[in-house]
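See below for the structure under consideration.
Numbering (the numbering used here), first residue to last: 58 to 326.
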């Protein structure tokens, strides 16, 4: 019973849950951008089974001498249910709820919750995620970008009730004041995590000026000024964000070259 109580807080489960949330967000964003994945058609005759058989209904496992039992069959081997889900955010929210319950003390739990709630236009829950993150780490790199993105989301949503919009913006102003991504980056201009969080927010907000600013920052992600804040994961994230910017192959190659110099044993650049 004690093990069952702790399974959702195990590092392996937590990492897997975050990966699942990221995948659902990616599928949602692809659909919203008008470029969804093509529907995957399930093929009942090609289910992978533990004994390699493809003939449905005759899968067996050896359970001992002279004993056999029906093997479990993957009911969705091609991931069609996953890719073709009606609402990817609803699926992501299930993992968010588990993480909030089991590892609510981890900052990344609330960053993930914010990403889901904002896309679902659940603005009060998005504010809750921001406040929860602030209570854990009031200098977290994602905090200001989350605030700015929530304000942008409120201002862009013409269907959201004006009184509720004013109330939320008032709460944000009361807690955080007139914060901007530029001011936060100015105060943390030697921290790559802050740069990545800021660039990601600028890309989400959109606009040519924001895109150009994000692109410039990301192209310099391997710069010496970021010192020890440069990690392999950070540089991979910078590369992914540059791809979202539509950067040229030359820019991507330059970043990969500089990252390879920092991490010569890495095979991902």
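Think of the CB as a built atom: it goes at the ideal place given N, C-alpha and C, for glycine as much as any other residue. As the structure is a computational prediction, the values presented were derived from the model and not from experiment.
message: Restricting to Cα atoms, I'd like to know which of 274, 74 and 232 is closest to residue 149.
response: Here residue 149 corresponds to residue number 92 of the chain shown, with the count starting at 1. Among 274, 74 and 232, the Cα nearest to that of residue 149 is on 74.
task: Determine, using beta-carbon pairs with one atom in the segment 193–202 and one in the segment 251–270, whether at least three such pairs fall under 8 Å.
output: yes
query: Who are the near neighbours of residue 276 in its chain, counting only those whose CB is closer than 8 Å to its CB and skipping five residues on each side?
result: On the chain shown, residue 276 is found 219 positions in, with the first residue counted as 1. Correct list, in chain order: 299, 304, 308, 311 and 312.
task: Take residue 78 and list the residues in its own chain whose beta-carbon comes closer than 6 Å to its own, dropping the five residues that flank it on each side.
output: As a first step, residue 78 is located in the chain shown; it is residue number 21 there, counting from the start. Cβ neighbours of residue 78 beyond the five flanking positions: 149, 152 and 169.
task: Any chance you could list the alpha helix (DSSP H) runs of at least 4 consecutive residues sitting entirely within the segment 168–234, in chain order?
output: 180–193, 200–213 and 219–233
- prompt: For residue 195, is the classification buried or exposed, using 16 other Cβ atoms within 10 angstroms of its Cβ as the cut-off for buried?
  reply: Walking along the chain shown from the start, residue 195 turns up at place 138. The residue is exposed, with fewer than 16 neighbouring Cβ atoms inside 10 Å.
- request: Could you spell out where the alpha helix (DSSP H) holding residue 320 opens and where it closes?
  value: Reading the chain shown from its first residue, position 263 is the one you call residue 320. First-last for residue 320: undefined, no H or E at that position.
- prompt: Excluding sequence positions up to five away, which residues of its chain have a Cβ less than 7 Å from the Cβ of residue 293?
  reply: Position 236 of the chain shown, counting from 1, holds the residue named residue 293. Contacts found: 325.
message: What does the Cβ neighbour count give for residue 302, buried or exposed, with the cut at 16 atoms within 10 Å?
response: Position 245 of the chain shown holds residue 302. By the neighbour-count rule (16 or more Cβ atoms within 10 Å), residue 302 is buried.
Reference residue 245; option with closest CA among 207, 197 and 234: Locating residue 245 in the chain shown gives position 188, counting from the first residue. Comparing Cα positions, the closest option is 197.
message: Checking 8 Å against the spacing of the C-beta atoms, do residue 81 and residue 167 come in under that value?
response: Counted from its first residue, the chain shown places residue 81 at position 24. Counted from its first residue, the chain shown places residue 167 at position 110. For residue 81 and residue 167, no; Cβs fall outside 8 Å.
message: Quick check: residue 238 and residue 259, are their CB atoms within less than 8 Å of each other?
response: Start at 1 with the first residue of the chain shown, and residue 238 comes out as number 181. Start at 1 with the first residue of the chain shown, and residue 259 comes out as number 202. For residue 238 and residue 259, yes; Cβs fall inside 8 Å.
- prompt: Rounded to the nearest angstrom, how far is the Cβ of residue 130 from that of residue 71, given a contact under 8 Å?
  reply: Here residue 130 refers to the residue found at position 73 when the chain shown is read from its first residue. Here residue 71 refers to the residue found at position 14 when the chain shown is read from its first residue. Rounded, the Cβ-Cβ distance is 29 Å, inconsistent with contact.
task: Go to residue 87, then tell me how far its alpha helix (DSSP H) extends in each direction, as first and last residue.
output: To locate residue 87, count along the chain shown from 1; it is residue 30. It spans 68–89 - the alpha helix (DSSP H) in which residue 87 sits, taken as one unbroken run.
- prompt: Exposed or buried, which one is residue 186 when buried takes at least 16 other CB atoms within 10 Å?
  reply: In the chain shown, residue 186 corresponds to position 129, counting from 1. Buried.
message: Taking its Cβ as the centre, do 16 or more other Cβ atoms sit within 10 Å of residue 95, making it buried, or is it exposed?
response: Within the chain shown, residue 95 is the residue found at index 38, counting from 1. With fewer than 16 other Cβ atoms within 10 Å, it is exposed.
- prompt: With a Cβ-Cβ cutoff of 8 Å, do residue 291 and residue 242 count as a contact?
  reply: Taking the first residue of the chain shown as 1, we reach residue 291 at position 234. Taking the first residue of the chain shown as 1, we reach residue 242 at position 185. No.
field: Local Cβ density within 10 Å of residue 210, reported as buried at 16 or more and exposed below that
entry: Here residue 210 refers to the residue found at position 153 of the chain shown. Per the 10 Å Cβ criterion, buried.
- prompt: Is the beta carbon of residue 289 sitting closer than 8 Å to the one on residue 266?
  reply: Walking along the chain shown from the start, residue 289 turns up at place 232. Walking along the chain shown from the start, residue 266 turns up at place 209. No, Cβ-Cβ distance for residue 289 and residue 266 is not below 8 Å.
query: Would you report the Cα separation of residue 391 and residue 184, rounded to the nearest angstrom?
result: Summary: the structure shown does not reach residue 391, with the chain confined to residues 58 through 326, and so no result is reported for it.
- request: Taking residue 271 as part of the alpha helix (DSSP H), name the residues at either end of that continuous run.
  value: As a first step, residue 271 must be located in the chain shown, where it is residue number 214. First-last of the alpha helix (DSSP H) with residue 271: 265–276.
- request: Look at the alpha carbon of residue 218 and the alpha carbon of residue 212, and state the distance between them as a whole number of angstroms.
  value: On the chain shown, position 161 is the one that residue 218 refers to. On the chain shown, position 155 is the one that residue 212 refers to. Distance between the alpha carbons of residue 218 and residue 212 is about 11 Å.
- prompt: Going straight from the alpha carbon of residue 232 to that of residue 315, what length do you get?
  reply: The sequence position of residue 232 within the chain shown is 175, counting from 1. The sequence position of residue 315 within the chain shown is 258, counting from 1. Distance between the alpha carbons of residue 232 and residue 315: 40 Å.
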